[in-house]
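The numbering of the sequence shown is UniProt numbering, which starts it at 7 and goes up by one. The structure appears below as structure tokens.
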Amino acid sequence: LLSKLKDPSLVTDKALIGGDWIAAGDAGKTFEVTNPSTGDVIAVLPDMNRAEASRAIDAAHVAQKVWARKTGKERAAVLRKLYDLMVANADDLATILTIEMGKPFAEAKGEILYGASYVEWFGEEAKRVYGDTIPGHQPDKRIIVIRQPVGVVAAITPWNFPNAMLARKFAPAVAAGCAMISKPAAETPLSALSLAVLAERAGLPAGVFNVVTSKDSPSIGKEFTENEKVRKLTFTGSTEVGRILMRQGADQIMKLGLELGGNAPFIVFDDADIDAAVEGAMISKYRNNGQTCVCANRLYVQSGVYDAFARKLAEKVSAMKVGDGFEAGVSAGPLIDRKALAKVEEHIADAVSKGAAVALGGKPDARGGLFFEPTVLTGVTRDMKVAREETFGPVAPLFRFDTEDEVIEMANNTEFGLASYFYARDVSKIFRVAEALEYGMVGINTGLISTEVAPFGGIKQSGQGREGSKYGIDDYVEMKYLCLSI
Ligand code: ADP
């Protein structure tokens, strides 16, 4: 790994607590990080326990008080510097990301720039955490509303976007004047640590950002939710774990930001631009090898264009190149682990046993390991697992539908409500469908909706809170109202 980097010091095998880089956990335990493409061990990190998480919280608690007293402009300057450093080191950061996570290098670089965009955006927002004045309710009263940082924020992040999912939490927290302790996924801690290295170089004071590395996420999660110095928990991951954290935080009425699972419908109406819909499906379905929470999971295609769409999609997908993320032209890397591969196989087998046809792919890739063939399934129906569960892999299941009412009912028939997509041209229908979809985000004639300028987040069991946009800072500030009698 080190030989691939222009600046090898961006990789560290130490965790960061209160400004100290820590080489080994209290108990001397460690865990290995592997490259999912080759199975090679790329790093050995401290496997920290609850007591160490508690120390990180203490450090953040002390640092936060000082950080919060800085002006917005001072905090903005640090974030701007960090943004510049991320962009300047984008190739190295992307290399680290590809090695620990597997996504193609070009996608990894896209993720770094996407993560950096949140750092830039929230740095700018740091200066605009405005309050309000309200006309008094009595002649002698003057009412002022101020917004203050919530305090210490804990972040737990997943492996599918090791940089961006953390940057999206770190940036608004730090901009608002909070301090953060983070626990990256054990599969992909190196990207989080490289962000911490750069944050330190950008001048972020010790203790404002801490990275606890651990394989024992339940213990760390307990400390993050039960320690009363932590005022907010922000989590991106599965709905199942989100539920556990919510329960654990209930005793101290923990504030929560949750970005959980999705089960995105992708609807193609008869009047759609079919070629554009195929392009959108390629991006929405196969980006990150199907391993994003906003990936199209269920593709509903209206009868009039079903066969044409299926044919064109299969044609495009057949041109995808599976391989190691550093090989030229690769558009699909490995899946993250055996469990992920088994789930993809299970979903395909279930669909086929209930009558679906494999139009393309359908099996592990010939190169073995964690590689899987990009797959298209036709004749998919609502009794199959793919209709209800998130596959998190490169499988496009095509459902056929006839009417608008029918497809809205099917699309909304899920406990999830994160992203949705549809392709149509009729303006009235576009508004009807956009308003009827029970999702936090709707892509209309586009398969790519993520940007730092818009509020990312879900409804129903896909979570609460929003990341990005002018609303994103709200999750990290408390409102306080001052009532002054003159
Ligand atoms: P994914 O399917 O993305 O792995 P998870 O919800 O399992 O989703 O994991 C997301 C993050 O939550 C990871 O950092 C993981 O280590 C962490 N995690 C998993 N289980 C728990 C738990 N019980 N408490 C706290 N964190 C957890």
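Glycine included, each C-beta is placed from N, C-alpha and C at the ideal position. Only a predicted model underlies this, so the values are computations on that prediction, with no experimental measurement involved.
Please report how far the alpha carbon of residue i lies from the alpha carbon of residue j, in whole angstroms.
i	j	result
CYS489	PRO155	20 Å
TRP127	VAL135	13 Å
MET186	GLU444	32 Å
ILE465	VAL448	12 Å
MET326	ASP371	12 Å
GLY385	ASP90	49 Å
SER456	GLU38	32 Å
THR298	GLY78	33 Å
GLY335	ALA49	27 Å
ARG344	VAL236	34 Å
ALA202	ASN269	32 Å
ALA181	SER244	27 Å
GLY255	VAL159	13 Å
SER9	ASP32	30 Å
GLU58	ALA212	16 Å
GLU396	VAL218	29 Å
THR381	LYS369	8 Å
ILE432	ALA460	Checking the sequence, you will find Asp at residue 432 rather than Ile. So the two alpha carbons sit approximately 25 Å from each other.
SER290	PHE407	20 Å
VAL323	LEU199	35 Å
ASP480	ASP356	43 Å
ASP13	ALA96	11 Å
ARG86	PRO178	13 Å
GLU441	THR36	50 Å
ALA338	TYR120	19 Å
ALA69	GLY331	39 Å
ARG153	LYS261	16 Å
ALA173	ALA83	16 Å
SER220	ALA112	29 Å
SER123	GLU106	22 Å
Consult DSSP for residue i and reduce its assignment to one of helix, strand or coil.
i	result
ALA430	coil
GLY255	helix
ALA325	coil
TRP27	strand
GLU38	strand
VAL386	strand
ALA362	coil
ALA270	strand
residue 499	Within the shown structure, residues of the chain are numbered from 7 to 492, placing residue 499 beyond reach of any answer.
PRO155	strand
PRO370	strand
ILE250	helix
CB of residue i to nearest heavy atom of the ligand ADP: below 7 Å?
i	result
VAL350	no
LEU103	no
PRO190	yes
GLY243	yes
THR163	yes
PRO224	yes
GLY108	no
ASN166	yes
VAL247	yes
LEU251	yes
GLY227	yes
With a 10 Å radius around its C-beta and 16 neighbouring C-beta atoms as the bar for buried, classify residue i as buried or exposed.
i	result
ASP146	exposed
ARG304	buried
LEU239	buried
GLY286	buried
GLY45	exposed
SER60	buried
VAL214	buried
HIS67	buried
LYS71	exposed
ILE259	exposed
THR194	buried
ARG472	buried
SER171	Going by the sequence as given, residue 171 is Met instead of Ser. MET171 should be labelled buried.
PHE437	exposed
LEU454	exposed
MET80	Here the sequence assigns Glu to residue 80, which means Met is not the residue at that position. GLU80 should be labelled exposed.
THR163	buried
As an exercise, report each continuous beta strand (DSSP E) stretch of at least 3 residues that is fully enclosed by the stretch 397 to 464, in chain order. Counting only runs that start and end inside the stretch 397 to 464, the beta strand (DSSP E) elements of at least 3 residues fall at 401 to 407, 425 to 429 and 447 to 450.
Which full runs of the beta strand (DSSP E) of 3+ residues lie inside the stretch 160 to 211, going along the chain? Runs found: 185 to 189.
Mind listing, in chain order, the continuous alpha helix (DSSP H) runs of no fewer than 4 residues lying wholly within the stretch 35 to 103? Fully enclosed alpha helix (DSSP H) runs of 4 or longer: 56 to 74 and 78 to 94.
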